[in-house]
Ligand code: ADP
C-alpha cells in the first residue's frame, strides 16, 4: 500500500456507506470535507458533486430550447436534410409534420449514408428514413434521463411540455456536460458568451442570459415567472420590446439592442448616470 491508499480507503468507505444509506446530503458533506482535507483532487471533487446535482436537475434545465432545434419538415428531400447536417454539424435531425410540436421521427446521418449507398435517389422525402422519436417530459429528472439513455441505447430525446408540445431537445452530451463541463466537438460552433463586459461597467447581454447569471455581475432581478433577462423585459413590457427601448431596473439602464417579432436577442446594460437617475 502506498501513502495514499489509507486516505483513499477511508473516502471510499465513507462514500459507499453513505450511498447504502442513501444520505445524499451527508455524501455531499463528505465530498466537500475530503476536498478541503486535500484527500480528493478538486476537479474530481467537483465532478462528484455534479453527479449528485443530477438528482436535483430537471431535463428542462439542460435542454436546447425548441427555437434552437435544427429540424426538418417530413416532406423535405433527403438532399436538403444532408445540407442541414453539414451546415449545422448535428448528426441527428428531428423531423416534424406541419409544426415543430409534432415531431414524428429523427433522421440519423449514419442511416442516411447507409441508405444512399443502396439507393442514391436524394429527392425522396426524409419521412421514410427516420427512427421513432424518444419523447420525455420536461420535468423528468436528469438522473433518470441518463439511466434511460444508457438502458435504451438512445442518446437523443425530444422534450415535451405539459401540453404535449415540443419544449426542446436533449442529448447525452448535455448530461455529461453537467458533470464534466462543456465539451466542444469538431463540429461545435465557437460558443458566444451570454454576458460580455464592456467599458465603464457596462454589459452586453444576450436575451437568453439567465437572471441568475446576471446576479454574478451585481445585477439583481428576481422572478418566479421567467428565467431569462429577455423574458423578464418582455414580461414588463407586455410585448417583445423594439430595439432602442429602455428600462430602468436595479440601478441600471437596459437598452434593447436587437430583437425580432419573437424574442429579444441582445441588450446593453449600463449603470444609471446621476442625471438620468434624477430625471426618472
Ligand atoms: P451532435 O454531435 O450530432 O451535435 P451531440 O449529442 O454531440 O450531437 O450534441 C451536441 C450538442 O448539440 C448538444 O448540446 C445537443 O443538445 C445539441 N444538438 C444535437 N442535435 C441537435 C439538433 N438537431 N438541433 C439542435 N441542437 C442539437
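In my numbering, the protein residues as written are 73 to 352. Where a beta carbon is used, it is the ideal one built from N, C-alpha and C, also for glycine.
query: The stretch 241-251 / the stretch 136-143 touching (three or more Cβ pairs under 8 angstroms); result: yes
query: Straight-line gap, residue 332 to residue 313 (C-alpha atoms, nearest Å); result: 9 angstroms
query: Contacts around residue 228, its chain only, beta-carbon distance under 6 angstroms, and the 5 residues preceding and following it disregarded; result: 164, 243
query: Burial state of residue 252 (16 or more Cβ within 10 Å); result: exposed
query: Sequence-distant residues of its chain with Cβ nearer than 6 angstroms to residue 342 (five each side left out); result: 274, 325
query: Cβ-heavy atom distance, residue 241 to the ligand ADP, below 7 angstroms; result: yes
query: DSSP-derived helix/strand/coil call for residue 274; result: coil
query: Nearest residue (CA-CA) to residue 97, options 120, 209, 290; result: 120
query: Residue 161 Cβ short of 7 angstroms to the ligand ADP heavy atom set; result: yes
query: Residue 300 and residue 316 closer than 8 angstroms at C-beta; result: no
query: Cβ neighbours of residue 153 in the same chain (closer than 6 angstroms, five flanking residues each side left out); result: 144, 165, 179, 198
query: Beta-carbon separation (whole angstroms), residue 276 vs residue 270, contact threshold 8 angstroms; result: 6 angstroms
query: Closest by C-alpha distance to residue 335, when choosing among 322, 319, 307; result: 307
query: Buried or exposed (CB count within 10 angstroms, at least 16 for buried), residue 113; result: exposed
query: Spatially closest choice to residue 142 from 268, 160, 215, 202, by CA coordinates; result: 160
query: Best match in 131, 150, 267 for proximity to residue 207 [C-alpha to C-alpha]; result: 131
query: Alpha carbon of residue 233 to alpha carbon of residue 102, nearest angstrom; result: 37 angstroms
query: Which listed residue (216, 338, 310, 175) has its alpha carbon closest to that of residue 204; result: 175
query: Beta-carbon proximity list for residue 170, same chain, < 8 angstroms, skipping 5 on both sides; result: 145
query: Span of the alpha helix (DSSP H) around residue 247; result: 244-252
query: Close beta carbons around residue 345, own chain, < 6 angstroms, minus the five adjacent residues each side; result: none
query: Cα-Cα separation, residue 189 to residue 182; result: 11 angstroms
query: Which listed residue (214, 231, 151, 158) has its alpha carbon closest to that of residue 173; result: 231
query: Distance between beta carbons of residue 250 and residue 327, contact taken as under 8 angstroms; result: The Cβ separation is near 34 angstroms, so there is no contact.
query: Alpha-carbon spacing of residue 305 relative to residue 321, whole angstroms; result: 10 angstroms
query: Length of the line joining the Cα atoms of residue 149 and residue 155; result: 10 angstroms
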